[in-house]
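These notes are about the structure you will find just below.
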Amino acid sequence: MLHCDEEDLSLLALGESGSADDEAHLSTCARCQSRLDQLSAVVKSARAVTPGDHPIAPPASVWAGISTELGLDAAPSGTVTSIDQARSRRGPRLWLVAASAAAVGLIVGGGLVTALGTSGSSEQLVASTTLGPIDNSGFSGTATMEQGGDGMSLTVDVPGLPAVTDGYYEVWMATPDTATMVAIGTMRPGQPATFPLPAGLDPTSFPVVDVSVEHFDGDAGHSVVSVVRGQLTT
Ligand SMILES: [Zn+2]
520 MLHCDEEDLS LLALGESGSA DDEAHLSTCA RCQSRLDQLS AVVKSARAVT
570 PGDHPIAPPA SVWAGISTEL GLDAAPSGTV TSIDQARSRR GPRLWLVAAS
620 AAAVGLIVGG GLVTALGTSG SSEQLVASTT LGPIDNSGFS GTATMEQGGD
670 GMSLTVDVPG LPAVTDGYYE VWMATPDTAT MVAIGTMRPG QPATFPLPAG
720 LDPTSFPVVD VSVEHFDGDA GHSVVSVVRG QLTT
């Protein structure tokens with residue numbers, strides 16, 4: 520299964536409605552959901568921009584310097600006073616506007632996607648699961664396993680996990696009976712985390728994903744205090 524297209528996620532972030540396939544995938548894929556959250560946050564910030572945030576005209580001396588540098592025939596007769604005016608002109612001035620807009624974070628759409636990277640496009644979803652609460656912990660999340668160019672990775676997202684005062688969260692993969700558990704890595708509360716999986720770890724032998732609370736006690740084994748757990752399905 521493939522992840523959502525970056526462009527589709529951008530459109531969703533901008534408030535467009537998505538395809539049924541995308542909606543279905545988003546409900547099970549922590550990675551794409553977290554990507555959408557990221558894009559939505561940027562869109563929200565961009566929409567919160569007020570006229571006071573717009574670029575202002577630089578002193579005439581700046582333009583004179585640029586004209587000289589670019590070997591332009593003449594500096595404009597007046598100073599550049601608005602974006603609309605600048606847009607109506609041609610030539611090197613256009614990239615000045617683009618540069619100003621980028622400087623105040625106004626570039627959205629295609630530029631936004633480029634700025635945030637496109638690392639998701641070459642990775643394939645191998646298996647996923649929802650993570651249900653253990654011992655009425657009240658938390659739930661998602662886990663997705665992906666095959667990338669350099670191996671398998673596991674992404675775990677458990678929204679709203681609180682900080683542990685004298686410990687930390689550890690992600691495990693386990694056999695179906697949880698008799699054998701492999702420590703995958705530590706996880707910060709409230710942030711999705713992606714772990715590279717060791718080559719040779721067979722996800723069909725270790726399909727259970729578990730998040731536990733561990734303490735700084737030097738005991739490398741599972742504390743037996745789990746907050747969420749689920750079993751990956753392909
Ligand atoms: Zn996805």
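Sequential numbering of the sequence shown, starting at 520, is according to our numbering. Using N, Cα and C, we set each Cβ at its ideal position, and we do this for glycine too. Computed from a predicted model, the values in this text were never measured in an experiment.
In this structure, does DSSP put residue i in helix, strand or coil?
{"i": "Ser-580", "result": "helix"}
{"i": "Thr-661", "result": "strand"}
{"i": "Gly-704", "result": "strand"}
{"i": "Val-683", "result": "coil"}
{"i": "Pro-715", "result": "strand"}
{"i": "Pro-652", "result": "strand"}
{"i": "Thr-674", "result": "strand"}
{"i": "Leu-533", "result": "coil"}
{"i": "Gly-737", "result": "coil"}
{"i": "Ala-693", "result": "strand"}
{"i": "Ser-745", "result": "strand"}
{"i": "Val-616", "result": "Caution is warranted here: a pLDDT of 46 is assigned to Val-616, below 50, making its placement in the model unreliable, and no coordinate value can be reported."}
{"i": "Gly-571", "result": "helix"}
Could you give the distance in angstroms between the alpha-carbon of residue i and the alpha-carbon of residue j?
{"i": "Ala-693", "j": "Gln-750", "result": "9 Å"}
{"i": "Leu-531", "j": "Asp-524", "result": "11 Å"}
{"i": "Ala-565", "j": "Val-743", "result": "45 Å"}
{"i": "Val-645", "j": "Lys-563", "result": "32 Å"}
{"i": "Ala-739", "j": "Val-568", "result": "49 Å"}
{"i": "Pro-578", "j": "Ser-529", "result": "36 Å"}
{"i": "Pro-708", "j": "Gly-571", "result": "36 Å"}
{"i": "Cys-548", "j": "Met-700", "result": "24 Å"}
{"i": "Asp-676", "j": "Asp-669", "result": "22 Å"}
{"i": "Val-728", "j": "Gly-719", "result": "17 Å"}
{"i": "Thr-674", "j": "Arg-550", "result": "7 Å"}
{"i": "Gly-772", "j": "Gln-643", "result": "Summary: the structure shown does not reach residue 772, with the chain confined to residues 520 through 753, and so no result is reported for it."}
{"i": "Ser-580", "j": "Leu-591", "result": "14 Å"}
{"i": "Gly-657", "j": "Ala-576", "result": "54 Å"}
{"i": "Leu-555", "j": "Ala-583", "result": "43 Å"}
{"i": "Thr-649", "j": "Thr-752", "result": "10 Å"}
{"i": "Ser-541", "j": "Ala-560", "result": "Here residue 541 is Asp; the residue named in the question, Ser, does not match the sequence. Distance between the alpha carbons of Asp-541 and Ala-560 is about 19 Å."}
{"i": "Asp-654", "j": "Thr-723", "result": "25 Å"}
{"i": "Ala-543", "j": "Thr-684", "result": "37 Å"}
{"i": "Pro-726", "j": "Ala-702", "result": "13 Å"}
{"i": "Ser-463", "j": "Pro-678", "result": "Outside the modelled stretch of the chain, which goes from 520 to 753, sits residue 463, for which no answer is possible."}
{"i": "Val-690", "j": "Gly-704", "result": "5 Å"}
{"i": "Ser-619", "j": "Ser-586", "result": "Any reading at Ser-619 needs caution, since the residue's pLDDT is 49, under 50, leaving its predicted position unreliable; the model's value is listed next. So the alpha carbons of these two residues sit roughly 17 Å apart."}
{"i": "His-741", "j": "Gln-666", "result": "27 Å"}
Exposed or buried, which one is residue i when buried takes at least 16 other CB atoms within 10 Å?
{"i": "Glu-588", "result": "exposed"}
{"i": "Val-747", "result": "buried"}
{"i": "Gln-557", "result": "exposed"}
{"i": "Ser-641", "result": "exposed"}
{"i": "Ser-546", "result": "exposed"}
{"i": "Asp-696", "result": "exposed"}
{"i": "Leu-521", "result": "exposed"}
{"i": "Pro-681", "result": "exposed"}
{"i": "Asp-527", "result": "buried"}
{"i": "Gly-737", "result": "exposed"}
(message) So, does the region 527-541 touch the region 662-671, judging by three or more C-beta pairs under 8 Å?
(response) Contact fails between the region 527-541 and the region 662-671, because fewer than three Cβ pairs, one in each stretch, are under 8 Å apart.
(request) Could you tell me whether the region 710-718 touches the region 728-746, using the rule of 3 or more Cβ pairs below 8 Å? (result) no
(message) Give the list of continuous alpha helix (DSSP H) stretches no shorter than 4 residues that lie fully inside the region 534-558.
(response) 539-547
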